[in-house]
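Each residue of the sequence shown is one higher than the last, beginning at 25 in our numbering.
Virtual Cβ for every residue (Gly too), placed ideally from N, Cα, C.
Owing to the predicted nature of the structure, the values given are computational and were not obtained by experimental measurement.
These notes concern the structure reproduced below.
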Amino acid sequence: MNFEQMIEQKKYYIVWIGIFVAGAVLLFIGITNNNIWYDEAFTGCLVRHSFVDIVKISAGDNHPPLYFLITKIITFIFGNNAFSLRTASLLGVLALAALGLSPVKRIFGKKASMLFTFITVITPAFVGQALNARMYTWAAFFTTACVLYAYLAVTGGKRKDWIIFGIVTVLGLYTHVYLMLECLIVYAAVFVWLFFKDRKKLIPYFIIAASVIVLYLPWIFVVLSQASEVAKDFWIPAPTSPWILWGTLFIPFQHEFGSTMSHIFVNIACLLSGALTVMGIINAVKHRKKAGNLVFLSIIVAVATFAGVFILSYLVRPILMPRYFTSVIGLYIIVWMYGILILKQDVLKIISAVLLLALFIPQIIDIKTVQRNGPIAEIRAYLQDKVGPDDVFLHSDEHQFGIFTYYYPEHKHYLLLKQGFSGFGNYEAFAPNGVAGHYFGNFIKGKSRVWLVNRFKNNFPQFPVIPGRELEESAHLYKAALPRRFSQDNSFLHLEIAEYSADPADKLDESALFQGNIKELKITVNGFKNNQGKANISIYSRELYELSVDYFWQNTLPEQIEQAVFDKLFNNNNFLTDEDKKYLLSFYTLDENDGIYKLTKQPVESDKDKFNAIYEKLLHSKSEDITAQQAEFIFNDLPKDMYYIFVFHDENGDGLLDMRENAPPAEGMAVSNADNGLQGEPTFDSNYIVLDQEQMEESLTMYYY
25 MNFEQMIEQK KYYIVWIGIF VAGAVLLFIG ITNNNIWYDE AFTGCLVRHS
75 FVDIVKISAG DNHPPLYFLI TKIITFIFGN NAFSLRTASL LGVLALAALG
125 LSPVKRIFGK KASMLFTFIT VITPAFVGQA LNARMYTWAA FFTTACVLYA
175 YLAVTGGKRK DWIIFGIVTV LGLYTHVYLM LECLIVYAAV FVWLFFKDRK
225 KLIPYFIIAA SVIVLYLPWI FVVLSQASEV AKDFWIPAPT SPWILWGTLF
275 IPFQHEFGST MSHIFVNIAC LLSGALTVMG IINAVKHRKK AGNLVFLSII
325 VAVATFAGVF ILSYLVRPIL MPRYFTSVIG LYIIVWMYGI LILKQDVLKI
375 ISAVLLLALF IPQIIDIKTV QRNGPIAEIR AYLQDKVGPD DVFLHSDEHQ
425 FGIFTYYYPE HKHYLLLKQG FSGFGNYEAF APNGVAGHYF GNFIKGKSRV
475 WLVNRFKNNF PQFPVIPGRE LEESAHLYKA ALPRRFSQDN SFLHLEIAEY
525 SADPADKLDE SALFQGNIKE LKITVNGFKN NQGKANISIY SRELYELSVD
575 YFWQNTLPEQ IEQAVFDKLF NNNNFLTDED KKYLLSFYTL DENDGIYKLT
625 KQPVESDKDK FNAIYEKLLH SKSEDITAQQ AEFIFNDLPK DMYYIFVFHD
675 ENGDGLLDMR ENAPPAEGMA VSNADNGLQG EPTFDSNYIV LDQEQMEESL
725 TMYYY
């Protein structure tokens with residue numbers, strides 16, 4: 025190498041290192057901006073176990089143990105926190121970017137080396153997954169390295185390349201389950217190529233393949249055991265689900281949970297990458313360039329992986345998940361890079377790279393700044409001075425169960441599961457302080473304080489809301505504070521926290537909290553599909569809702585009503601006339617010893633219309649016209665309280681919510697506290713709101729099934 029070549033080589037390294045360091049800085053920015061979410065909490069709790077137990081617990085999970093072992097080492101050194109947990113993932117992106125320095129450079133040259141590293145560190149999927157304590161970035165590294173070194177081994181035949189090919193294969197297999205399919209595709213493609221083109225190299229091929237099988241053999245039995253549990257409940261929907269298919273298509277260009285930015289950036293980025301891919305394929309076919317074979321191999325692995333996973337999702341169980349395809353994005357980058365490199369003029373290459381950056385910047389900003397993992401910081405601030413050392417947490421959903429177990433490792437946590445449902449996750453990671461079961465009685469027995477954590481707006485009916493009255497009635501606990509709700513825009517996690525105490529002195533006097541009336545309440549309902557018919561509204565207090573569910577909706581009267589409830593709903597209700605109250609009292613007699621109104625007279629058919637008229641007053645029922653797909657309701661002097669608001673679009677004017685047989689409603693409906701649409705069956709506990717100001721405005725959105 026002469027002096028000029030040395031200078032040129034030095035310039036290359038300076039530029040490449042500059043790109044790499046700038047990329048590393050970009051990836052580290054905002055690494056702790058978001059709270060830990062469930063998948064990260066799983067990682068964070070799992071690495072609290074010993075190395076041996078990590079392997080054992082991973083054997084009962086859907087992912088191999090290598091990433092967790094790497095994270096265990098990092099958290100052992102730097103502590104178990106969001107920074108160190110996510111650094112383990114971030115290093116996977118840097119490892120992938122570093123492939124530009126050796127294998128990519130050897131195959132495509134210096135320009136490709138810098139371009140590959142540049143695109144890697146700015147690709148939104150990798151920017152996002154660098155902030156997610158999961159194994160997907162390392163899966164991408166091992167998949168890409170496997171393809172690159174397979175190509176180098178086949179075309180060059182160097183022993184070092186064959187060895188690295190085998191090593192990255194084994195490590196990849198111990199990183200993510202998708203690598204089983206991806207590596208199988210790579211090895212099949214290599215075998216076919218060698219069989220027809222260069223059979224002399226089949227000897228090192230078989231040596232490496234046999235070594236991989238031997239080294240992976242211990243985990244193959246684990247995988248077979250996992251596959252035998254296909255009947256276990258799984259949360260991933262069918263592979264034809266629109267959000268699965270669209271998410272898989274757009275996964276390289278945005279956050280895995282979508283973007284808050286204009287979709288035009290994602291759409292153009294997708295079109296540009298598609299154009300680069302087509303250009304690369306055409307060039308590789310037209311000119312028969314050797315490097316084009318690597319492009320074909322990359323495309324084959326990516327497409328065959330999707331096809332294989334799609335088929336397995338039908339034959340076995342759904343495993344097609346957009347973020348899992350992060351593992352092949354490194355192959356996409358090879359194809360995009362090749363499409364840019366074949367442009368004849370350097371200025372066009374630069375323009376293409378800058379255009380990609382321009383399209384990715386909005387998504388990078390979105391990923392770095394938008395809070396998506398739930399209002400955990402607000403919850404921790406609320407609980408900071410309230411949670412005692414002996415307090416326990418009762419959870420209705422695995423998401424907050426995992427998150428709370430991570431953030432409150434010194435406290436006991438219990439996840440209540442429906443009978444016959446064993447859960448989606450491997451809850452051994454959260455042991456010993458986090459356990460799951462079907463009966464919480466023994467868990468809270470003898471506890472002085474219990475924190476009930478419910479998730480509302482939940483997509484999974486397997487995790488229903490736990491009614492607070494179950495703790496009051498079966499566990500003899502007292503509500504110690506008004507439940508607090510915590511929500512966050514752009515987040516799937518909305519939680520309610522209620523405090524319960526075994527000490528009667530802590531019992532909350534709710535009547536003292538809601539003194540007086542709301543002078544004016546304005547409720548606006550948007551989203552009607554047309555202006556036909558009427559908008560009908562009903563407003564339920566908790567007591568009225570519970571009596572309605574158990575009795576009034578079945579056209580029956582309760583045999584007994586607690587005096588406090590009877591007084592609140594009937595005797596002290598200013599919306600009922602004295603005649604209404606007298607009429608109701610003719611059916612009930614107060615047992616002063618028990619403090620209960622007991623039904624002493626059975627209604628007859630002629631009482632039906634009178635009861636319905638009184639019931640509508642209790643519900644504050646109204647019917648309003650719909651104008652410009654919107655309806656507005658005004659209420660005056662409504663008592664301050666917690667309410668469940670229900671509105672339906674009575675298109676045919678019959679006064680009833682029309683239902684399909686054994687199906688959802690045939691007419692539109694809206695409920696309170698459902699800003700993100702109706703998720704699951706609306707109930708008081710999942711959809712109530714607190715109305716406690718003199719002047720209030722609420723907005724609801726109509727939903728049609």
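Is residue i close to chain B? Criterion is C-beta to C-beta, closer than 9 Å.
{"i": "residue 149", "result": "Within the model displayed, chain B is absent; a lone protein chain is all it includes."}
Exposed or buried, residue i, counting other C-beta atoms within 10 Å across all chains shown (16 or more means buried)?
{"i": "residue 103", "result": "exposed"}
{"i": "residue 528", "result": "exposed"}
{"i": "residue 38", "result": "exposed"}
{"i": "residue 452", "result": "buried"}
{"i": "residue 223", "result": "exposed"}
{"i": "residue 348", "result": "buried"}
{"i": "residue 110", "result": "buried"}
{"i": "residue 127", "result": "buried"}
{"i": "residue 687", "result": "exposed"}
{"i": "residue 255", "result": "No answer about residue 255 holds up, because its pLDDT of 42 lies below 50 and its placement is not dependable."}
{"i": "residue 691", "result": "buried"}
{"i": "residue 719", "result": "exposed"}
{"i": "residue 512", "result": "buried"}
{"i": "residue 434", "result": "exposed"}
{"i": "residue 685", "result": "exposed"}
{"i": "residue 6", "result": "Residue 6 is absent from the structure shown; the chain starts at 25 and stops at 729."}
{"i": "residue 520", "result": "buried"}
{"i": "residue 287", "result": "exposed"}
{"i": "residue 577", "result": "exposed"}
With distances taken from CA atoms, which of the options is nearest residue i?
{"i": "residue 397", "options": "415, 423 and 234", "result": "423"}
{"i": "residue 325", "options": "543, 492, 207 and 307", "result": "207"}
{"i": "residue 300", "options": "272, 340, 377 and 279", "result": "377"}
{"i": "residue 200", "options": "132, 91, 692 and 227", "result": "91"}
{"i": "residue 532", "options": "720, 721 and 507", "result": "507"}
{"i": "residue 554", "options": "374, 93, 672 and 636", "result": "672"}
{"i": "residue 247", "options": "641, 526, 67 and 84", "result": "84"}
{"i": "residue 262", "options": "336, 403 and 122", "result": "336"}
{"i": "residue 709", "options": "490, 64, 194 and 221", "result": "490"}
{"i": "residue 401", "options": "122, 106, 664 and 227", "result": "106"}
{"i": "residue 188", "options": "145, 233 and 549", "result": "233"}
{"i": "residue 641", "options": "604, 119 and 677", "result": "604"}
{"i": "residue 291", "options": "384, 534, 117 and 560", "result": "384"}
{"i": "residue 353", "options": "338, 327, 728 and 374", "result": "327"}
{"i": "residue 293", "options": "302, 374 and 379", "result": "379"}
{"i": "residue 97", "options": "78, 82 and 87", "result": "78"}
Taking 9 Å as the cut-off, decide whether the C-beta atoms of residue i and residue j are in contact.
{"i": "residue 694", "j": "residue 670", "result": "yes"}
{"i": "residue 346", "j": "residue 275", "result": "yes"}
{"i": "residue 500", "j": "residue 391", "result": "no"}
{"i": "residue 565", "j": "residue 537", "result": "no"}
{"i": "residue 439", "j": "residue 425", "result": "yes"}
{"i": "residue 442", "j": "residue 487", "result": "yes"}
{"i": "residue 266", "j": "residue 198", "result": "no"}
{"i": "residue 726", "j": "residue 617", "result": "no"}
{"i": "residue 211", "j": "residue 304", "result": "no"}
{"i": "residue 675", "j": "residue 492", "result": "no"}
{"i": "residue 638", "j": "residue 612", "result": "no"}
{"i": "residue 119", "j": "residue 165", "result": "yes"}
{"i": "residue 360", "j": "residue 146", "result": "no"}
{"i": "residue 522", "j": "residue 546", "result": "no"}
Quiz prompt | 3 or more residues per run - each beta strand (DSSP E) lying fully within the segment 394-450 | solution = 416-419 and 436-440
When the Cβ atoms of the segment 54-63 are set against those of the segment 420-431, are three or more pairs found closer than 8 Å? Touching, yes.
Quiz item: Which ranges would you report for the alpha helix (DSSP H) in the segment 170-226 if only whole runs of at least 4 residues count?
Solution: For the segment 170-226, the full-length alpha helix (DSSP H) segments reaching 4 residues or more read 183-197 and 202-221 along the chain.
Inside the segment 581-605 only - alpha helix (DSSP H) runs reaching at least 4 residues: The segment 581-605 contains these whole alpha helix (DSSP H) runs: 587-590.
Problem - Stretch-stretch touch, CB-based, cutoff 8 Å, three pairs: the segment 613-629 with the segment 527-545 - result: no
Take every Cβ of the segment 163-177, pair it with every Cβ of the segment 313-324, and state whether three or more of those distances are shorter than 8 Å. yes
* To do: Evaluate contact between the segment 149-159 and the segment 364-372, counting only Cβ atoms and requiring at least three cross-stretch pairs below 8 Å.
  => no
Exercise. Is it a yes or a no for the segment 175-186 touching the segment 137-147, going by three-plus beta-carbon pairs under 8 Å?
Worked result: no
Q. Unbroken beta strand (DSSP E) runs of length 3 or more, entirely within the segment 604-640: which are they?
A. 612-615 and 620-623
Three or more C-beta pairs closer than 8 Å, one from the segment 45-59 and one from the segment 109-125: is that the case here? yes
Count Cβ pairs between the segment 473-481 and the segment 411-419 that sit closer than 8 Å; are there 3 or more? yes
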